[in-house]
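Here the structure comes first, spelled out in structure tokens, and everything after it is commentary.
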Amino acid sequence: MSDDVAAARAAAEEKSVFSHEPVGPDATAAYGDHPDQVIDFYAPRAEAGPGGPAPVVLVLHGGAWRAPYDRRHISPFADFLARRGLAVASAEYRCGGENDSLAGRWPDTFDDVAAALDALPALVRELLPQADPRRTVLTGHSAGGHLALWGAARHVLPVDSPWRSGGSAALRGVVALAPIADFAVADKLDVCGGAVRQLLGGDEHFAERQPYADPALLLPTGIATALVQGRADLDVPQTVAESYAEAAAKAGEMVGVTLLEGVGHFPLIDPAADACAVVAQEIEQLAW
71 MSDDVAAARA AAEEKSVFSH EPVGPDATAA YGDHPDQVID FYAPRAEAGP
121 GGPAPVVLVL HGGAWRAPYD RRHISPFADF LARRGLAVAS AEYRCGGEND
171 SLAGRWPDTF DDVAAALDAL PALVRELLPQ ADPRRTVLTG HSAGGHLALW
221 GAARHVLPVD SPWRSGGSAA LRGVVALAPI ADFAVADKLD VCGGAVRQLL
271 GGDEHFAERQ PYADPALLLP TGIATALVQG RADLDVPQTV AESYAEAAAK
321 AGEMVGVTLL EGVGHFPLID PAADACAVVA QEIEQLAW
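At position 93 of the sequence shown (counting the first as 1) the number is 163 in this note's numbering, and the numbers step up by one without a gap.
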């Protein structure tokens, strides 16, 4: 396929995912004092799985950790999962800074994801009584896929990390979608216009902060992990996911990698795309 054809297909995929109207949640709750420290909750719209309380899916949106992107663009995906009988929590977190071109905030972005994870069980019990927070799957797309992998690995963070948890997260698993999963490879490929290096505060901080933020260095986690990746992804190439899986294997952990032929970056969270159903099935397999 020529570069022009590939770029045109990628543009069409992006247009499709952003063509959906945002879907309002059933409830929203704060997990902190900042306006971005909120979680939207979507109650299950159907019976799911073998019966009993619905599993919970915590969704972390992508957007290269940059401020122009928030949870609204992934709300149709959250609703799609809820319509399959899953209870869904979609977390907002602080991205970028005053300059919208900058990726992430250190340490705020990580503060928020850690706080959202810690607050989630109690909020689920309060707002989604039909759900079981003990049966939680963490998922995220692109930069959100990075945060999902990172959130599941807090118990193996360096001992001096403020985000380190006392034990492994009470998760059934992680399904990371086109994740920025290996910072060394993503940085070398200049994924999302240098977003990885910006997230960690630029050249002067990259090396010192990488051990606290790079999922490929936080292995093994002991938590069931699956990656879903489009082979035609121009934004986060499949090499990034494969490198993470290789690092996991070297650490003695098997990570499932599902590569979808002819699929780019955005169909994974586009309810109109077949790839989105594959993602839902991966989540359901871990949830139940």
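Backbone N, C-alpha and C fix where the C-beta goes; we use that ideal spot for every residue, glycine too.
Beta carbon of residue i nearer than 8 Å to that of residue j
i, j, result
"Ala251", "Gly210", "no"
"Ala218", "Leu208", "yes"
"Leu241", "Ala222", "yes"
"Ala311", "Leu297", "yes"
"Val244", "Thr295", "yes"
"Ser313", "Ala283", "no"
"Ala290", "Leu259", "Checking the displayed sequence, the identity of residue 290 turns out to be Pro instead of Ala. Cβ distance not < 8 Å, so Pro290 and Leu259 don't count as in contact."
Spatially closest choice to residue i from the options, by CA coordinates
i, options, result
"Ile144", "Gly121, His104, Ser212", "Ser212"
"Lys85", "Gly334, Ala347, Gly214, Gln355", "Gly334"
"Ala201", "Val126, Gln107, Leu270", "Val126"
"Asp96", "Ala277, Arg115, Gly102", "Arg115"
"Leu187", "Phe253, Ala148, Leu338, Gly102", "Gly102"
"Val361", "Ile293, Leu151, Ala100, Glu278", "Since the first residue shown for the chain is 71 and the last is 358, residue 361 is missing from the structure and cannot be characterised."
Exposure label - residue i; buried when at least 16 CB within 10 Å
i, result
"Phe88", "exposed"
"Ala216", "Residue identity differs from the one stated: residue 216 is His in this sequence, not Ala. His216 is buried by the Cβ-count criterion."
"Gly300", "buried"
"Gln268", "buried"
"Arg204", "exposed"
"Glu196", "exposed"
"Ala148", "buried"
"Glu354", "buried"
Span separating the alpha-carbon of residue i from that of residue j
i, j, result
"Val255", "Thr309", "8 Å"
"Ala82", "Glu117", "33 Å"
"Ala189", "Ser72", "47 Å"
"Ala343", "Gln280", "34 Å"
"Gly263", "Ala318", "26 Å"
"Ala137", "Val158", "23 Å"
"His225", "Ala173", "25 Å"
"Asp230", "Glu274", "20 Å"
"Val327", "Pro249", "11 Å"
Counterpart residues of residue i in DSSP-defined beta bridges
i, result
"Thr295", "Val244"
"Ser160", "Asp110, Val129"
"Arg136", "Ala173"
Closer than 7 Å: residue i CB and nearest the ligand NAD heavy atom
i, result
"Glu84", "Absence of the ligand NAD is noted for the structure shown, with no ligands found whatsoever."
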